[in-house]
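Engineer: Here it is, the structure in full.
There are 2 protein chains.
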Amino acid sequence: MDRLIRAIDEKANPSVVGLDPTPMLLPEPLLAAARAASASERAEALAQAYFSFNKAIIDAVKDVVPAVKPQIAMYEALGVSGVATYVRTTSYAHDAGLYVLGDIKRGDIGSTASAYASHLSGMPPLEDGYEDDATTDVDLWHEDAVTVNPYLGTDGITPFVEAADRADKDLFVLVRTSNPSSRELQELDAEGTPVSDRVGDLVETWGEPTRGDFGYSRVGAVVGATHREVGRRLRARLPHTFFLVPGFGAQGGTAADIAPMFDSAGRGALVNSSRGIIGAWRKDALAETITTEAAALDCVATAARTAALTMKKSIVTELEKNLGN
Amino acid sequence: MDRLIRAIDEKANPSVVGLDPTPMLLPEPLLAAARAASASERAEALAQAYFSFNKAIIDAVKDVVPAVKPQIAMYEALGVSGVATYVRTTSYAHDAGLYVLGDIKRGDIGSTASAYASHLSGMPPLEDGYEDDATTDVDLWHEDAVTVNPYLGTDGITPFVEAADRADKDLFVLVRTSNPSSRELQELDAEGTPVSDRVGDLVETWGEPTRGDFGYSRVGAVVGATHREVGRRLRARLPHTFFLVPGFGAQGGTAADIAPMFDSAGRGALVNSSRGIIGAWRKDALAETITTEAAALDCVATAARTAALTMKKSIVTELEKNLGN
Chain A
1 MDRLIRAIDE KANPSVVGLD PTPMLLPEPL LAAARAASAS ERAEALAQAY FSFNKAIIDA
61 VKDVVPAVKP QIAMYEALGV SGVATYVRTT SYAHDAGLYV LGDIKRGDIG STASAYASHL
121 SGMPPLEDGY EDDATTDVDL WHEDAVTVNP YLGTDGITPF VEAADRADKD LFVLVRTSNP
181 SSRELQELDA EGTPVSDRVG DLVETWGEPT RGDFGYSRVG AVVGATHREV GRRLRARLPH
241 TFFLVPGFGA QGGTAADIAP MFDSAGRGAL VNSSRGIIGA WRKDALAETI TTEAAALDCV
301 ATAARTAALT MKKSIVTELE KNLGN
Chain B
1001 MDRLIRAIDE KANPSVVGLD PTPMLLPEPL LAAARAASAS ERAEALAQAY FSFNKAIIDA
1061 VKDVVPAVKP QIAMYEALGV SGVATYVRTT SYAHDAGLYV LGDIKRGDIG STASAYASHL
1121 SGMPPLEDGY EDDATTDVDL WHEDAVTVNP YLGTDGITPF VEAADRADKD LFVLVRTSNP
1181 SSRELQELDA EGTPVSDRVG DLVETWGEPT RGDFGYSRVG AVVGATHREV GRRLRARLPH
1241 TFFLVPGFGA QGGTAADIAP MFDSAGRGAL VNSSRGIIGA WRKDALAETI TTEAAALDCV
1301 ATAARTAALT MKKSIVTELE KNLGN
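Written as structure tokens, this is what we have:
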């Protein structure tokens, strides 16, 4: 997790921009080609528009935030064209010097988990064993970290930890998600301890051999911003686990909600906002009057940058208040 | 689930072939192009080989089995080229009249789950609401069902159920997986009931509004073949839930292990085998002497067909024994 923590320190900003485009989040001029396309060509046209949109946002925020987090579901919704745009986006963000957190929430068993771990480790070798095969050096996904689902247990996680360690990358395991029905499973009382805390304990164990310079392991946890007390409890329970915190902004989480997820040095968490940043242009009263693609991308970029700076300020102010206490 | 059940009845075979290619499962002549390719072109060459391999198997088993189950992880390991081959495979299997079960194990919250549900429902509309937009008629993934991870709770599942209902498709939720460490979370004791049974209860609830002609809903459950007593318990507990049963063969599950997962009419479950079918050619002593791609594909096809017929016989014999009792 050291690379991420250093990137956060450099930008003095523990926040990440979620690149989760949908047709509704794109200004009208960017949708023109998709509207004009035949049904069978529409996915490709929309995928091209998603890339222009992402590129404008990446260029606008790359000196403000340390990381971006594309949500692969939004791209899969456009089929293979969408997945190609996901990879163009991760590659572009990587080249812009950003830490790329692929929100892919994969999870499977044994050999299948190893295949998914290729997101981090490169394509599978043609022979057994990684060392002898140059193909594994080809990074097909350009992700510095991915999110992983823990429901299958240790043998679904180990391949990701090994791949992360080999490639100097990280993973974030879902522990407590930000959505209302997360409690159905995650807060079930398992012999006196909520299931999410049990998963958190596993995350500490999985990460233990990979702790870095700041005391945090390569195995982080996803802990939603919408549960302040859960966040406080998990921060104390999982001292070596870095948190990825979704749910800030549009989903209702505030700076005060997320402050308890940081450690006493103001480290230990990365807060995500997606719609709050990439959809900020919709609050610009002039946006509706824009007719060209270039002007629309300008409007998106300016609003995203302002929103990213506002988010940074609100988090940093809250953290300074807490550190001052 | 009616379309799947009718397909099983027609073939008198409740088994499905897992299309999970890896380099190690391909005969040497199929790897020649990948070996000759530069590192950057190797993924594309391997993806082409995967499709030839899958096509040979689909042609060989299409009159034996009702369904195939490609595991998307194996394709993602080859990046965008791999995902393109996944879609070519689902499309080819669909055109061959097979029910296509996409083993994608997706799972996320709210709007993100809706995006993943596009696997079933077609690409997202350019405006709010599905009815007015022809783009949603474009099926980008050619899957009749997908597997889904339940860790995020109801709001991660509802979009899939709605999409399945709209498109006459199905989903299978992970309940108890076949791997050794599945017990870490899935068998935690949650107030007297294992977590997996709690998830099973949720699956019954999620499926309730979508029950079909045979009493089974569109929301199935994944229950591993490696836990005979768990299977028996869940069959009794979840009378309206169709089971997808992985872990047969290579992972150790036997026909006797899976028999209790069927109902008294011999329905209610679909048993998967992957390596046991697609890797059956490796038991052919002559396989090593083959030098041409055509002969290799022939060998793969013949062995897969024989293995699929053997699997059918072993399951049907066991079920007839039980029905006779």
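Protein chains in written order, with this note's numbering: chain A, 1 to 325; chain B, 1001 to 1325.
From the three backbone atoms N, C-alpha and C, an ideal C-beta is built for every residue, glycine too.
Out of A:Ala145, A:Ser181, A:Val146, A:Asp139, point me to the one whose CA is closest to Ala1150 (chain B)'s CA.
Structural biologist: In the sequence on display, residue 1150 (chain B) carries Pro and not Ala. Of the candidates A:Ala145, A:Ser181, A:Val146, A:Asp139, the one whose C-alpha sits nearest the C-alpha of Pro1150 (chain B) is A:Ser181.
Engineer: Measuring CA to CA, which of A:Ser38, A:Lys105, A:Tyr216 is closest to Gly1156 (chain B)?
Structural biologist: Gly1156 (chain B) has its Cα closest to that of A:Lys105, out of A:Ser38, A:Lys105, A:Tyr216.
Engineer: At 3 residues or longer, and completely inside the segment 1259–1285 of chain B: list those beta strand (DSSP E) runs for me, N to C.
Structural biologist: DSSP runs (the beta strand (DSSP E)) wholly in the segment 1259–1285 of chain B: 1269–1273.
Engineer: So, do the segment 1063–1072 of chain B and the segment 1008–1016 of chain B have three or more beta carbon pairs nearer to each other than 8 Å?
Structural biologist: A contact exists between the segment 1063–1072 of chain B and the segment 1008–1016 of chain B.
Engineer: Quick test of your reading: Pro260 (chain A) and Arg237 (chain A), contact by CB under 8 Å. State the CB separation rounded to the nearest angstrom.
Structural biologist: The pair is not a contact, with the Cβ atoms about 12 Å apart (cut-off 8 Å).
Engineer: Skipping 5 residues on each side, what residues in its chain have a beta carbon closer than 8 Å to that of Ala1256 (chain B)?
Structural biologist: Taken in chain order, the residues that qualify are Arg1228, Glu1318.
Engineer: If I'm right that Ile1278 (chain B) touches Val1017 (chain B) with Cβ under 8 Å, what's the distance once you round it to whole angstroms?
Structural biologist: Yes, they are in contact, since the Cβ atoms of Ile1278 (chain B) and Val1017 (chain B) sit about 7 Å apart, within 8 Å.
Engineer: Could you tell me if Glu191 (chain A) is buried or exposed, where buried requires 16 or more neighbouring beta carbons within 10 angstroms of its beta carbon?
Structural biologist: So Glu191 (chain A) counts as exposed.
Engineer: For Ala1036 (chain B), count neighbouring Cβ atoms within 10 angstroms of its own Cβ and tell me buried if that reaches 16, exposed if not.
Structural biologist: By the 10 Å Cβ count, Ala1036 (chain B) comes out exposed.
Engineer: Do Met1123 (chain B) and Arg42 (chain A) have their C-beta atoms closer together than 8 Å?
Structural biologist: Cβ atoms of Met1123 (chain B) and Arg42 (chain A): closer than 8 Å.
Engineer: Determine the extent of the alpha helix (DSSP H) in which Asp168 (chain A) is found, giving its start and end residues.
Structural biologist: Where Asp168 (chain A) is concerned, there is no enclosing alpha helix (DSSP H), given that its DSSP letter is neither H nor E.
Engineer: Are the C-beta of Trp1141 (chain B) and some C-beta of chain A separated by less than 8 Å?
Structural biologist: Output row for Trp1141 (chain B): interface = yes.
Engineer: Indicate whether Arg1071 (chain B) and Thr112 (chain A) have their beta-carbon atoms separated by less than 8 Å.
Structural biologist: Sequence inspection shows Gln at residue 1071 (chain B); the Arg mentioned does not correspond to that position. Yes, the Cβ-Cβ distance between Gln1071 (chain B) and Thr112 (chain A) is below 8 Å.
Engineer: How far does the alpha helix (DSSP H) with Leu1019 (chain B) in it reach, from first residue to last?
Structural biologist: First-last for Leu1019 (chain B): 1015–1019, but that is the beta strand (DSSP E), not the alpha helix (DSSP H).
Engineer: Say whether chain A places a C-beta atom closer than 8 Å to the C-beta of Ala1093 (chain B).
Structural biologist: It does not: the Cβ of Ala1093 (chain B) has no partner Cβ on chain A nearer than 8 Å.
Engineer: Going by Cα to Cα distance, which pick from B:Gly1268, B:Val1203, B:Ala1303, B:Gly1276 is closest to Ala1285 (chain B)?
Structural biologist: For Ala1285 (chain B), the nearest C-alpha among the options comes from B:Ala1303.
Engineer: Could you check whether the Cβ of Met123 (chain A) sits closer than 8 Å to any Cβ belonging to chain B?
Structural biologist: Judged by the 8 Å Cβ criterion, Met123 (chain A) is in contact with chain B.
Engineer: Against chain A, which members of the segment 1031–1043 of chain B pass a CB distance test of less than 8 Å?
Structural biologist: The segment 1031–1043 of chain B vs chain A, Cβ under 8 Å: Leu1031, Ala1034, Arg1035, Ala1039, Ser1040, Arg1042, Ala1043.
Engineer: What residues in the segment 172–202 of chain A bring their beta carbon closer than 8 Å to a beta carbon of chain B?
Structural biologist: If the cut-off is 8 Å between Cβ atoms, the segment 172–202 of chain A has Leu174, Thr177, Ser178, Asn179, Pro180, Ser181, Ser182, Arg183, Glu184, Leu185, Gln186, Leu188, Asp189, Ala190, Glu191, Val195, Arg198, Val199, Leu202 near chain B.
Engineer: Runs of 4 residues minimum, wholly inside the segment 202–226 of chain A: which ones carry the alpha helix (DSSP H) assignment?
Structural biologist: None, since the segment 202–226 of chain A contains no complete alpha helix (DSSP H) of that length.
Engineer: Going by DSSP in three states, Thr1135 (chain B) sits in which element: helix, strand or coil?
Structural biologist: Confidence at Thr1135 (chain B) is low in this model, with a pLDDT of 49, below 50, so its placement is unreliable and the value that follows should be read with caution. Here Thr1135 (chain B) sits in helix by DSSP.
Engineer: Could you tell me the boundaries of the alpha helix (DSSP H) in which Gly1079 (chain B) lies?
Structural biologist: Start and end: 1079–1095.
Engineer: Which residues, taken in chain order from the segment 1054–1079 of chain B, show a beta carbon closer than 8 Å to some beta carbon of chain A?
Structural biologist: Here the close residues are Gln1071, Ala1073, Met1074, Glu1076, Ala1077, Leu1078, Gly1079.
Engineer: So Val352 (chain A) and Val222 (chain A) are in contact, right, with Cβ under 8 Å, and what is the actual spacing, rounded?
Structural biologist: Chain A is shown from 1 up to 325; residue 352 (chain A) falls before or after that span and cannot be answered.
Engineer: Does any C-beta atom of chain B lie closer than 8 Å to the C-beta of Glu318 (chain A)?
Structural biologist: No, its Cβ sits nowhere closer than 8 Å to a Cβ of chain B.
Engineer: His119 (chain A) touches chain B at which residues, Cβ-Cβ below 8 Å?
Structural biologist: By Cβ distance, chain B contributes Glu1076.
Engineer: If you count every other CB in all the chains shown that lies within 10 Å of the CB of Asp1312 (chain B), and 16 or more means buried, which is it?
Structural biologist: Checking the displayed sequence, the identity of residue 1312 (chain B) turns out to be Lys instead of Asp. Classification of Lys1312 (chain B): buried, given that the 10 Å Cβ count is 16 or more.
Engineer: Please tell me whether Val223 (chain A) has its Cβ less than 8 Å away from any Cβ of chain B.
Structural biologist: False, the Cβ-Cβ gap to chain B never drops below 8 Å.
Engineer: Hey, is Asp1132 (chain B)'s beta-carbon within less than 8 Å of any beta-carbon in chain A?
Structural biologist: Here Asp1132 (chain B) scores only 47 on pLDDT, less than 50, and its place in the model should not be relied on; the value that follows carries that caveat. Cβ-Cβ to chain A under 8 Å: no for Asp1132 (chain B).
Engineer: For chain A, find out if any of its Cβ atoms is closer than 8 Å to the Cβ of Thr1154 (chain B); answer yes or no.
Structural biologist: So yes, Thr1154 (chain B) belongs to the interface.
Engineer: Taking C-beta to C-beta, are Tyr99 (chain A) and Asp144 (chain A) nearer than 8 Å?
Structural biologist: It is a contact, given that the beta carbons lie within the stated cut-off.
Engineer: Using the Cα positions of Ser52 (chain A) and Tyr86 (chain A), report the straight-line distance between them to the nearest angstrom.
Structural biologist: For Ser52 (chain A) and Tyr86 (chain A), the distance between alpha carbons rounds to 12 Å.
Engineer: At the level of alpha carbons, what is the spacing between Glu76 (chain A) and Asp1201 (chain B)?
Structural biologist: Between Glu76 (chain A) and Asp1201 (chain B), the C-alpha separation is close to 30 Å.
Engineer: Where Asp1132 (chain B) and Gly1247 (chain B) are concerned, what is the direct C-alpha to C-alpha distance, given to the nearest angstrom?
Structural biologist: For Asp1132 (chain B), the predicted model reports a pLDDT of 47, less than 50, meaning its position is unreliable; a value from the coordinates is still stated below. Computed Cα separation, rounded: 43 Å.
Engineer: So with Cβ pairs under 8 Å, would you call Leu126 (chain A) a contact of chain B?
Structural biologist: Cβ-Cβ to chain B under 8 Å: yes for Leu126 (chain A).
Engineer: Answer yes or no: does any C-beta atom of chain A fall closer than 8 Å to that of Lys1105 (chain B)?
Structural biologist: So, interface residue.
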